[in-house]
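*Asks:*
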Amino acid sequence: QNIVISGSGLFTPAATISNAELVASYNQYVDLFNQRHAAEIAAGQCQALEYSSTEFIEKASGIKARHVLYKEGILDPEIMHPVFAKRDEDTPPEMVEMAVSAAREAMAQANKTAADIDLIICAASNMQRPYPALSIELQQILGVEGYAFDMNVACSSATFAISNAVNAIRGGTAKVVLVVNPEFASPQVDYKNRDSHFIFGDVCTATIIEAHSSCTSDNAFTILGMRLKTSFSNNIRCDIGYTEHCFAETDPKVPFFKQQGRKVFKELLPIVADVIQNEMAALNIGPDQLKRLWLHQANINMNIFAAKKILGRDPLPQEAPLVLDSYANTASAGSIIAFHKNKTGLNSGDKAVLCSFGAGYSVGCLILERC
Ligand code: CO8
Numbered sequence: 559q560n561i562v563i564s565g566s567g568l569f570t571p572a573a574t575i576s577n578a579e580l581v582a583s584y585n586q587y588v589d590l591f592n593q594r595h596a597a598e599i600a601a602g603q604c605q606a607l608e609y610s611s612t613e614f615i616e617k618a619s620g621i622k623a624r625h626v627l628y629k630e631g632i633l634d635p636e637i638m639h640p641v642f643a644k645r646d647e648d649t650p651p652e653m654v655e656m657a658v659s660a661a662r663e664a665m666a667q668a669n670k671t672a673a674d675i676d677l678i679i680c681a682a683s684n685m686q687r688p689y690p691a692l693s694i695e696l697q698q699i700l701g702v703e704g705y706a707f708d709m710n711v712a713c714s715s716a717t718f719a720i721s722n723a724v725n726a727i728r729g730g731t732a733k734v735v736l737v738v739n740p741e742f743a744s745p746q747v748d749y750k751n752r753d754s755h756f757i758f759g760d761v762c763t764a765t766i767i768e769a770h771s772s773c774t775s776d777n778a779f780t781i782l783g784m785r786l787k788t789s790f791s792n793n794i795r796c797d798i799g800y801t802e803h804c805f806a807e808t809d810p811k812v813p814f815f816k817q818q819g820r821k822v823f824k825e826l827l828p829i830v831a832d833v834i835q836n837e838m839a840a841l842n843i844g845p846d847q848l849k850r851l852w853l854h855q856a857n858i859n860m861n862i863f864a865a866k867k868i869l870g871r872d873p874l875p876q877e878a879p880l881v882l883d884s885y886a887n888t889a890s891a892g893s894i895i896a897f898h899k900n901k902t903g904l905n906s907g908d909k910a911v912l913c914s915f916g917a918g919y920s921v922g923c924l925i926l927e928r929c
């Protein structure tokens, strides 16, 4: 049974933060911190903080700006986190609100109404609550029958969810599946940490997955193959969890994303290349047949390195499109944004790769063919 991605959608928050704005506020925070701890710093009991720089950020990551849901607070050196009101039980949380918007675009593209959808998977790096599942609230808002569930494989949440969608269709529990990836990353960013304050942005993507026989979209992609891989690593980690309030000592850094960026770069790339190359070999697809690589968007150098390894030459910019410059790292949504914004211009039969990689480690590779 041929299964296709027949539509995609994207919700982009209106507010943006440029590197210049982010670095200016961080550097103000550094000045305040160093003034307030001048005595301890002079006595060698505390390390002075160093300035961040726009040049470093752009060169090391390719990021120039990011979208955020709530800009207020992030740039205030006395606050350094998004400030927003807690919503009551009758108001959908931000992640559900973003998902409604992205879902509607994907459904329109795939010519689907709520009545056509049997399953909704909400897949993201963080959930605003453990239960009831965000996807079930989204199901109610969209007016979808059937069933819904949430899942998390960090940066590979979207590709792993698409593979779950394919399996649900093959298993007969659904005919048409909506996958949403609301990545509300900014609350997990430690804006007081120079190493990671620039990395993430907020966004939501959506895809419709269905059997080829029922697809009426004129811009659909057949899923020729899927390969998923995980391998445990502490190098990208977040420890916030529901047991946190039980501990006698609380660590103020617990809610935040942390990583050993260099180690991630070195260890993850070979796994990514292996997964993609093994799936290409299984499908008998050579690098010269690949017309596009929609890769996870974490780091420009990592993306170019991976594309070069797969293609065996330098990629042209349109072959491995980047959205990092304006969106930053958007966890699981990154490769789907690259797909959504750069899926036109391919001919029927053209092959492409959509691949996520990140925390876990986790890698999810889909080999696609333009219908
Ligand atoms: N400004 C100036 N200097 C800086 C800054 C800064 N902002 N930050 C660090 N430096 C300094 C460092 O301190 C270091 O100084 P020194 O040499 O004196 O020690 C020097 O610059 C070089 O630092 P790095 O070695 O860290 O620099 P890199 O060139 O390695 O670049 C990166 C850092 C950009 C982080 C890079 O390592 C990278 O991108 N690696 C890949 C990481 C990756 O892909 N991670 C995936 C994470 S995403 C994911 O999996 C999703 C998880 C779930 C998300 C949840 C949402 C929040």
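According to my numbering, the sequence shown is numbered sequentially starting from 559.
Heads up, the beta-carbon is just placed ideally off N, CA and C, and yes, glycines get one too.
Checking 7 Å against the spacing of the C-beta atoms, do Phe718 and Met656 come in under that value?
*Replies:* Indexing the sequence shown from 1 puts residue 718 at position 160. Indexing the sequence shown from 1 puts residue 656 at position 98. Not in contact: Phe718 and Met656 (Cβ atoms no closer than 7 Å).
*Asks:* Whole angstroms are fine: how far does the CA of Ile843 sit from the CA of Ser583?
*Replies:* The residue given as residue 583 occupies position 25 in the sequence shown. The residue given as residue 843 occupies position 285 in the sequence shown. Rounded to the nearest angstrom, the two C-alpha atoms are 48 Å apart.
*Asks:* Between Ile998 and Pro813, is the Cβ-Cβ spacing less than 7 Å?
*Replies:* What is shown of the chain runs 559 to 929, which leaves residue 998 out entirely.
*Asks:* Contact check, Ile766 vs Gly922 under 8 Å by CB: the rounded distance?
*Replies:* Here residue 766 refers to the residue found at position 208 when the sequence shown is read from its first residue. Here residue 922 refers to the residue found at position 364 when the sequence shown is read from its first residue. In fact, because the Cβ distance is near 18 Å, the residues do not count as touching under 8 Å.
*Asks:* Look at the alpha carbon of Ile829 and the alpha carbon of Leu700, and state the distance between them as a whole number of angstroms.
*Replies:* Along the sequence shown, read from residue 1 onward, the residue named residue 829 stands at position 271. Along the sequence shown, read from residue 1 onward, the residue named residue 700 stands at position 142. Distance between the alpha carbons of Ile829 and Leu700 is about 38 Å.
*Asks:* Could you give the C-beta distance for Ala712 and Ser920, rounded to a whole number, given that I count them as a contact under 8 Å?
*Replies:* For the purposes of this step, residue 712 is taken as residue 154 along the sequence shown, with counting starting at 1. For the purposes of this step, residue 920 is taken as residue 362 along the sequence shown, with counting starting at 1. About 6 Å; that satisfies the 8 Å criterion.
*Asks:* Buried or exposed: which applies to Arg871, given that a residue is buried once 16 or more other Cβ atoms fall within 10 Å of its Cβ?
*Replies:* Taking the first residue of the sequence shown as 1, we reach residue 871 at position 313. That one is exposed.
*Asks:* State the DSSP-derived secondary structure class of Thr612, mapped to helix, strand or coil.
*Replies:* One-based indexing of the sequence shown puts residue 612 at position 54. In the structure shown, Thr612 sits in a helix (DSSP, three-state: H, G or I).
*Asks:* Indicate the three-state DSSP secondary structure (helix, strand or coil) for Gly819 in the structure shown.
*Replies:* As a first step, residue 819 is located in the sequence shown; it is residue number 261 there, counting from the start. Looking at Gly819 - three-state DSSP - the assignment turns out to be helix.
*Asks:* Alpha carbon to alpha carbon, what distance is there between Leu677 and Arg594?
*Replies:* Counting from one through the sequence shown, the residue named residue 594 turns up at place 36. Counting from one through the sequence shown, the residue named residue 677 turns up at place 119. Distance between the alpha carbons of Arg594 and Leu677: 54 Å.
*Asks:* Between Glu802, Leu851 and Ile868, which lies nearest to Gln876 when the distance is taken from Cα to Cα?
*Replies:* Start at 1 with the first residue of the sequence shown, and residue 876 comes out as number 318. Closest option to Gln876, Cα to Cα, is Leu851.
*Asks:* Pull every residue with its beta-carbon under 5 Å away from any heavy atom of ligand 1, and keep them in chain order.
*Replies:* Residues with a Cβ closer than 5 Å to any heavy atom of ligand 1, in chain order: Ser610, Ser611, Phe614, Ala618, Ser619, Ser683, Ala712, Cys713, Ala743, Gln746, Arg752, Asp753, Phe758, Ile794, Phe815, Gly819, Arg820, Val822, Phe823, Ala856, Asn857, Ala889, Gly916 and Ala917.
*Asks:* Roughly how many angstroms lie between the CA atoms of Ala606 and Gln855, to the nearest whole one?
*Replies:* One-based indexing of the sequence shown puts residue 606 at position 48. One-based indexing of the sequence shown puts residue 855 at position 297. Taking the straight line from one Cα to the other gives about 32 Å.
*Asks:* By the three-class DSSP mapping on this structure, what secondary structure does Val702 have?
*Replies:* Looking up residue 702 in the sequence shown gives position 144. Note: Val702 maps to coil in three-state DSSP.
*Asks:* Under DSSP, the beta strand (DSSP E) around Val738 begins and ends at which residues?
*Replies:* Locating residue 738 in the sequence shown gives position 180, counting from the first residue. Its beta strand (DSSP E) spans residues Val734 to Glu741.
*Asks:* Can we say the segment 750 to 757 touches the segment 723 to 739, given the rule of at least three CB pairs closer than 8 Å?
*Replies:* Counting Cβ pairs under 8 Å, fewer than three are found: no touch.
*Asks:* In three-state terms, what does DSSP make of Ser906?
*Replies:* Locating residue 906 in the sequence shown gives position 348, where the first residue counts as 1. If DSSP states are grouped into helix, strand and coil, Ser906 belongs with coil.
*Asks:* For Glu768, write down the residues that DSSP places opposite it in a beta bridge.
*Replies:* Here residue 768 corresponds to residue number 210 of the sequence shown, with the count starting at 1. According to DSSP, which records beta bridges pairwise, Glu768 is partnered with Val562 and Val734.
*Asks:* Less than 8 Å between the CB atoms is what I'm expecting for Pro740 and Ala691, so what's the real figure, rounded?
*Replies:* Reading the sequence shown from its first residue, position 182 is the one you call residue 740. Reading the sequence shown from its first residue, position 133 is the one you call residue 691. No, Pro740 and Ala691 are not in contact; Cβ-Cβ is about 13 Å, not under 8 Å.
*Asks:* Could you tell me which residues DSSP pairs with Ser576 in its beta bridges?
*Replies:* Reading the sequence shown from its first residue, position 18 is the one you call residue 576. The partner list for Ser576 (beta bridge, DSSP) reads Ala623.
*Asks:* Smallest Cα separation from Leu627: which of Gly916, Ala597 and Phe742?
*Replies:* Here residue 627 corresponds to residue number 69 of the sequence shown, with the count starting at 1. Measuring from the Cα of Leu627, the nearest candidate turns out to be Phe742.
*Asks:* What residues in its chain sit with their C-beta under 7 Å from that of Ile834, if we drop five residues either side in the sequence?
*Replies:* One-based indexing of the sequence shown puts residue 834 at position 276. If we look at Ile834 and ignore the five residues flanking it on each side, its Cβ neighbours are Ile868, Val911, Cys913 and Cys923.
*Asks:* Heavy atom of ligand 3 less than 6 Å from the Cβ of Cys773, yes or no?
*Replies:* Of the ligands one can find in the structure shown, namely ligand 1, none is ligand 3.
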